[in-house]
Structures are given as C-alpha cells and as structure tokens.
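Student: The opening residue of the sequence shown carries number 26 in the working numbering; numbering runs sequentially from there.
Attaching a single structure in structure tokens format; questions to follow.
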Amino acid sequence: MPARLIDGKAIAERIQTETASEIARLKAEHNLTPGLAVILVGENPASVAYVSSKDKMCTRLGMHSLRLNLPASTTEGELLAKINDLNFDRTIHGILVQAPLPPHISEDVIFAGVDPTKDVDCFHPLNIGKLALGDDSGFFPCTPAGIQQLLIRSGVPIEGRHVVVLGRSRIVGRPVSLILSQKAKNANATVTVCHSRSANLAEICRSADILVAAIGVAHFVKAEMVREGAVVIDVGINRVEDKTAAKGYRLVGDVDFEPVSLKAGLITPVPGGVGPMTIAMLMHNTVRAAKLRHGIE
Ligand code: GUN
C-alpha cells in the first residue's frame, strides 16, 4: 500500500495560525510586538528568496520585521557591529543572519556574536550546548524542531522508537538527534546518527522506525534501505537538471520518492514536507524570545 503523505504545508499553516493568535494576544494584553531582524550579506539568489519569505511571513503574522541587506564586501567587523546594535535594540527579539556568509566572514564568529537570548536560529554555541545538556531554557533549531512537530502532529509515537538520522550537519542531523533523544515528552527515542563514513548503512537504515534523511544527496535513500511501514522524513533539497522544467531544474529530496513511498507507512514530500516547517518554527521561536525577554508565560 502506498505511504500516507505528511502534509508539511498544512501543518506549518496551522502553526502559523497559532503563532498569529499568540502575537495578537501579546499585543492586546502586554502591548508587546515581537520583532525579528534578518541580515542578508550579498545577493545569493536562494538566500534572497528565503529572506523575502521570512520578511513576508513576519508581516502576515503581525510581527515587526527588520531586514538588513548588506553588500558582499561587508567585513566581519562591520557585520559584528550591526549585530551588536541589534543585540541592544529593544524592538528586536530575534536575530537571524542568513547563511551561507561570504568566505571572508567566519560563520562561527558571527553566530557567536548574536545575543544568545535573541538567537532564534539556535546557532550560538551556548544554545547548542543547552540542547546537548537537555536544558530547555534556550531555543530549538528551526528545521529539527519542525521535524519533531511533523512527527507529533502526524500522530507518530517517538518514545522508545529507533530513529536513524542520515547526516551529521550542524543545522539538521546533529541537532535533530539531540532533540529526539532528549529525556522529555515527545522524545525519548533511541537515535543512531549515520554519515558518509558509516559501515552497513543500508542495514542500519532498515532497522529504523523513523528515518530522517539529511545527507544532501539526491535520491540517496532507496527502497531497499527502508523497512516496510517505516516513517520517512526527507530533509533534502537538491537541484537536478530537468530541461522540461521552467527553470531548467527541479527540486528533489534525499529520498528516491516513488519506490520508497510504496514501502513506507508515512513519508514527507519534497517540496511541501519539511521545508515549510522551518519558517513556522522561526516565527514560533521569535515569539518565544519576546515572551522570555518580558517574563511572559
Ligand atoms: N540558510 C539555510 N537555512 C538556514 C537557516 O535555517 N538559518 C539561517 N540563518 N540560514 C540558513
């Protein structure tokens, strides 16, 4: 039987609606408008598109949005100075510096320069450290938090299940493994993290109740790597050439969708699966940052 699709777009939309009501409440009861600053350095077309969609979403939900477009020639020191201004700006509760940054700027230095209480991306070492320690006073990074929400809101039990994560990136693989293995509600999973050097990869993947593919290789996960009835979460966004497509390419995930969907129990499509969740969790984190700043429950 073909797998049931996890509709990330619909789930993200529900989260946005919840966030918009929370923003309306904060305005009405506390005279507080959550604010997000997004910094873009250079003109990477994918980053320009991401930043615009974040900007639009802030406006749609009733959030204050500040966008800084800086030239690609901006120095590390100049960028740090802008971030420092925002760290002290009382109208701004979340700061996001869009990655990737130009090669002359160290992402490590920049992410560490963001006030950890405004680090809605959860890229600051302090917040990643809190996540590793199981301290929930920081933030959950947006894409991994979105994956957890997709599972919860699709009724997938996580506790005690075997989750196999393909990929150990800082943005997805490593943090999602930390979130799902936490000693906490909607977590408590047994997590195995695999990567390009893992032996017996197919065998390990076949033992997964929940398989999270975040390896960045188009169609990497084949049907023979998936157990009958497993839940498959595809985090990949890969461009493959397609002369029939308007842009000359189309986006595909890390999962060989057609054959895998005949075997899986539940699966996320690309696009329309994990993608829309990232921005939904960013908005959620910004509201959380504003509430924490003002001591609001
Ligand atoms: N570039 C791609 N994804 C992300 C993200 O989630 N946050 C930031 N800051 N940059 C990104």
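For glycine and all other residues, C-beta sits at the position ideal for the given N, C-alpha and C.
As the structure is a computational prediction, the values presented were derived from the model and not from experiment.
1. What I want to know is whether the C-beta of GLN123 ends up closer than 8 Å to one or more non-hydrogen atoms of ligand 1.
2. For ligand 1, is there any heavy atom lying closer than 8 Å to the beta carbon of LEU307?
3. In angstroms with no decimal places, state the Cα-to-Cα distance between ILE304 and VAL145.
4. Report buried or exposed for THR269, applying the criterion of at least 16 other Cβ atoms within 10 angstroms of its Cβ.
5. Apply the 10 Å Cβ neighbour rule to GLY171 and answer buried if 16 or more other Cβ atoms are within range, or exposed otherwise.
6. Answer yes or no: do LEU291 and ARG29 have a C-beta to C-beta separation smaller than 9 Å?
7. Measuring straight from C-alpha to C-alpha, what distance separates ILE240 and VAL189?
8. Can you tell me the Cα-Cα spacing of LEU287 and THR293, whole angstroms?
9. Between ALA314, ILE177 and CYS167, which lies nearest to VAL260 when the distance is taken from Cα to Cα?
10. If the criterion is Cβ atoms closer than 9 Å, does the pair LYS184 and ALA212 meet it?
11. Excluding the 5 residues preceding and the 5 following GLY297 in the sequence, name in chain order all residues of the same chain whose CB lies nearer than 6 Å to its CB.
12. Have a look at ALA289 and HIS220 and give me their C-alpha separation to the nearest angstrom.
13. Put ALA238 into one of helix, strand or coil per three-state DSSP.
14. Roughly how many angstroms lie between the CA atoms of LYS272 and GLU322, to the nearest whole one?
15. Label THR311 either buried or exposed according to how many other C-beta atoms from any shown protein chain fall within 10 Å of its C-beta, with 16 as the threshold for buried.
16. Going by the DSSP bridge assignment, what does ASN69 pair with across the sheet?
17. What beta strand (DSSP E) runs, 3 residues minimum, are completely inside the segment 62-139?
18. Tell me the DSSP secondary structure of GLY278 in three-state form.
19. Using a Cβ-Cβ cut-off of 6 Å (strictly less than) and excluding sequence neighbours within five positions of ARG178, which residues of its own chain qualify?
20. Would you check whether ligand 1 has a heavy atom nearer than 8 Å to the C-beta of ASP144?
21. Of all the options CYS230, PRO127, GLY300 and VAL66, which has the alpha carbon lying nearest to the alpha carbon of LEU175?
Tutor: This is what the structure holds:
1. yes
2. yes
3. 11 Å
4. exposed
5. buried
6. yes
7. 12 Å
8. 13 Å
9. CYS167
10. In the sequence as presented, Lys is not what sits at residue 184; that position holds Glu. Closer than 9 Å, so yes.
11. GLY33 and LYS34
12. 21 Å
13. strand
14. 46 Å
15. buried
16. Answer by DSSP bridge pairing: none, since ASN69 is not bridged.
17. 89-95 and 119-122
18. coil
19. ILE36
20. no
21. GLY300
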